[in-house]
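The structure appears right after this line, and notes come after that.
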Amino acid sequence: MSTARFNPLIETLATPPIPEVQAWRQEYDGSLGPLIDLSQAVPGYPPHPDMLSWLGEAASSVAMTGYGDIEGEPALRRGYAEWVSEIYEAELTPANIHITSGCNQAFMAAMMAVAGPGDTVLLTNPCYFNHETTLAMSGVKVGYIDCHAEHGFLPAPEAVEAMISDDVRALAVVTPNNPTGATYPAGLLGELFELCRRHGLWMIVDETYRDFLPLDGGPPHGLFAIPGWQDNLIGLYSFSKSFCIPGHRVGAVSAGKEVVTQIAKVMDNLQICAPRPPQAALAKAIPALGDWRRGNALEITTRAKALTDVMGGAPGWEISALGAYFAFVRHPFADFGAYDAAHRLAREVGVITIPGSFFGNDLEPYLRIAFANAEVPTILQLSARLEPFPRCF
Numbered sequence: 001m002s003t004a005r006f007n008p009l010i011e012t013l014a015t016p017p018i019p020e021v022q023a024w025r026q027e028y029d030g031s032l033g034p035l036i037d038l039s040q041a042v043p044g045y046p047p048h049p050d051m052l053s054w055l056g057e058a059a060s061s062v063a064m065t066g067y068g069d070i071e072g073e074p075a076l077r078r079g080y081a082e083w084v085s086e087i088y089e090a091e092l093t094p095a096n097i098h099i100t101s102g103c104n105q106a107f108m109a110a111m112m113a114v115a116g117p118g119d120t121v122l123l124t125n126p127c128y129f130n131h132e133t134t135l136a137m138s139g140v141k142v143g144y145i146d147c148h149a150e151h152g153f154l155p156a157p158e159a160v161e162a163m164i165s166d167d168v169r170a171l172a173v174v175t176p177n178n179p180t181g182a183t184y185p186a187g188l189l190g191e192l193f194e195l196c197r198r199h200g201l202w203m204i205v206d207e208t209y210r211d212f213l214p215l216d217g218g219p220p221h222g223l224f225a226i227p228g229w230q231d232n233l234i235g236l237y238s239f240s241k242s243f244c245i246p247g248h249r250v251g252a253v254s255a256g257k258e259v260v261t262q263i264a265k266v267m268d269n270l271q272i273c274a275p276r277p278p279q280a281a282l283a284k285a286i287p288a289l290g291d292w293r294r295g296n297a298l299e300i301t302t303r304a305k306a307l308t309d310v311m312g313g314a315p316g317w318e319i320s321a322l323g324a325y326f327a328f329v330r331h332p333f334a335d336f337g338a339y340d341a342a343h344r345l346a347r348e349v350g351v352i353t354i355p356g357s358f359f360g361n362d363l364e365p366y367l368r369i370a371f372a373n374a375e376v377p378t379i380l381q382l383s384a385r386l387e388p389f390p391r392c393f
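What follows is the structure in structure tokens.
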């Protein structure tokens with residue numbers, strides 16, 4: 001009797017990283033105090049009370065129980081377009097916005113719209129692992145642009161151009177970056193965009209952590225203000241972090257009208273429409289909770305400073321890049337790869353991080369720390385956890 005087979009594009013994917021490292025919590029005996037989880041990027045504080053109220057109202061509304069527009073609720077598309085226009089000092093309309101069920105889905109839908117089996121998409125190394133697996137399961141090849149600590153883990157335009165061939169359809173970048181935290185300067189993004197335009201490529205810019213950039217830094221970039229941006233640029237965003245609602249799964253695509261039309265074809269088959277109650281709540285929250293969001297951004301900056309102070313006093317540990325939610329940290333254990341170092345850190349001293357090797361090649365010396373998860377007093381406890389750690393090996 002023959003055995004039914006799986007799709008090899010799925011069967012060959014690695015186990016999802018977050019559940020794998022979360023399983024390590026069972027191995028920690030609690031002897032040094034409560035476990036410190038610095039693995040998954042989740043807000044380390046609750047949603048605003050008004051947000052919870054708006055979610056409850058929308059969830060109990062009969063009007064929200066039916067199908068909605070594939071492209072998203074009109075009120076949210078309008079509100080987000082106005083917000084993006086303000087942030088980037090550009091002019092976007094609701095027709096430039098497509099709402100999705102989270103930013104991972106935004107990436108998948110955008111990629112399905114611009115690349116197919118056998119095509120190639122360029123990612124950085126290190127890269128966000130869900131971007132890599134999304135492309136792999138779609139039969140899209142990946143070209144990796146190596147980014148190095150000495151250059152802030154940012155790609156050099158000449159290295160990108162060297163990777164471009166006839167089968168390349170797009171370049172995808174994340175800023176502030178996951179996993180490193182590195183923020184792409186506006187000038188670098190401009191260079192990369194002009195490179196994509198010159199070669200007829202799409203540039204996908206994932207800005208999930210945009211709202212945690214310095215408050216006085218001006219627009220993150222000027223790409224949306226460039227005439228004709230719609231022909232080559234696709235912006236991605238997640239409401240999960242800024243509004244503390246990752247479980248409600250809402251993301252957004254900012255793109256030209258034709259891109260939105262193509263993504264709607266994908267979404268009609270993936271999900272029809274993103275969840276409607278959180279969309280209704282977010283339409284109210286965008287204009288109402290600006291001060292609250294800014295306060296949270298300041299809090300995250302305080303947590304970043306606390307981690308910087310801790311690592312500065314921890315012999316052998318070094319922050320190689322830091323920003324928004326993440327730090328990419330070089331561990332001191334030359335005899336152990338990233339996986340073993342992270343696993344032992346969880347088991348022996350109760351600190352969960354993600355191995356750098358989960359994000360690409362030649363990253364064994366690094367761990368990703370999602371410092372936004374923890375309050376400052378918790379982050380400061382790392383000093384006591386890291387000090388005895390070498391003796392545990």
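The numbers in the numbering used here rise by one with no breaks, and the one at position 64 of the sequence shown is 64. We put the beta carbon where it would ideally sit given N, CA and C, even for glycine. Just so it is clear, the structure is predicted and the values come from calculations on it, not from any experiment.
C-alpha distance - residue i paired with residue j, whole-angstrom precision
i           : j           : result
residue 58  : residue 272 : 19 Å
residue 69  : residue 305 : 43 Å
residue 300 : residue 324 : 7 Å
residue 19  : residue 264 : 31 Å
residue 217 : residue 8   : 46 Å
residue 253 : residue 154 : 23 Å
residue 365 : residue 16  : 21 Å
residue 36  : residue 355 : 16 Å
residue 23  : residue 29  : 13 Å
residue 161 : residue 120 : 14 Å
residue 95  : residue 256 : 8 Å
residue 460 : residue 288 : Residue numbering for the chain in the displayed model covers 1 to 393; residue 460 lies beyond these limits and cannot be assessed.
residue 193 : residue 260 : 20 Å
residue 147 : residue 27  : 34 Å
residue 214 : residue 246 : 22 Å
residue 116 : residue 54  : 39 Å
residue 221 : residue 296 : 22 Å
residue 269 : residue 368 : 34 Å
residue 348 : residue 340 : 12 Å
residue 195 : residue 157 : 8 Å
residue 381 : residue 21  : 20 Å
Neighbour-count burial assignment, residue i, 16 or more Cβ in a 10 Å radius
i           : result
residue 238 : buried
residue 298 : exposed
residue 80  : buried
residue 183 : buried
residue 401 : This structure cannot settle anything about residue 401, because the visible part of the chain is limited to 1 through 393.
residue 204 : buried
residue 343 : buried
residue 129 : buried
residue 105 : buried
residue 374 : buried
residue 76  : buried
residue 267 : buried
residue 353 : buried
Minimum C-alpha distance to residue i - residue among the options
i           : options               : result
residue 307 : 44, 377 and 221       : 377
residue 411 : 145, 146 and 118      : Beyond the ends of the chain as shown, which are 1 and 393, falls residue 411; an answer cannot be given.
residue 111 : 285, 358, 189 and 235 : 235
residue 56  : 311, 284 and 191      : 284
residue 102 : 338, 241 and 180      : 241
residue 189 : 96, 233 and 212       : 233
residue 379 : 228, 351, 215 and 347 : 351
residue 336 : 199, 357, 322 and 318 : 357
residue 250 : 213, 368, 73 and 269  : 73
residue 141 : 158, 21, 171 and 67   : 171
residue 248 : 2, 367 and 52         : 52
residue 187 : 78, 166 and 219       : 219
residue 159 : 191, 166 and 139      : 191
residue 166 : 386, 201, 93 and 92   : 201
residue 362 : 386, 282 and 149      : 149
residue 282 : 31, 48 and 10         : 48
residue 50  : 3, 387, 290 and 334   : 290
Neighbourhood of residue i by C-beta, 8 Å cutoff - its chain only, sequence neighbours within 5 removed
i           : result
residue 61  : 277 and 280
residue 315 : 332
Neighbourhood of residue i by C-beta distance below 7 Å, restricted to the same chain and skipping five residues each side
i           : result
residue 46  : 244
residue 370 : 38, 39, 40, 41, 325 and 326
Sequence-distant residues of the same chain with beta carbon closer than 6 Å to residue i, five excluded per side
i           : result
residue 224 : 88 and 90
residue 360 : 125, 126 and 127
residue 318 : 330
Rounded distance between the beta-carbons of residue j and residue i, thought under 8 Å
i           : j           : result
residue 41  : residue 178 : 7 Å
residue 372 : residue 303 : 6 Å
residue 122 : residue 168 : 6 Å
residue 133 : residue 107 : So it is not a contact: roughly 11 Å between Cβ atoms.
residue 65  : residue 274 : The pair is not a contact, with the Cβ atoms about 15 Å apart (cut-off 8 Å).
residue 262 : residue 113 : 4 Å
residue 176 : residue 209 : 4 Å
residue 320 : residue 329 : 7 Å
residue 211 : residue 174 : Actually they do not touch by this definition, with Cβ atoms about 14 Å apart.
residue 181 : residue 322 : 5 Å
residue 346 : residue 25  : 7 Å
residue 164 : residue 199 : 5 Å
Distance cut-off 7 Å: residue i Cβ against heavy atoms of the ligand NAP
i           : result
residue 332 : Here there are no bound small molecules, and the ligand NAP is not part of this structure.
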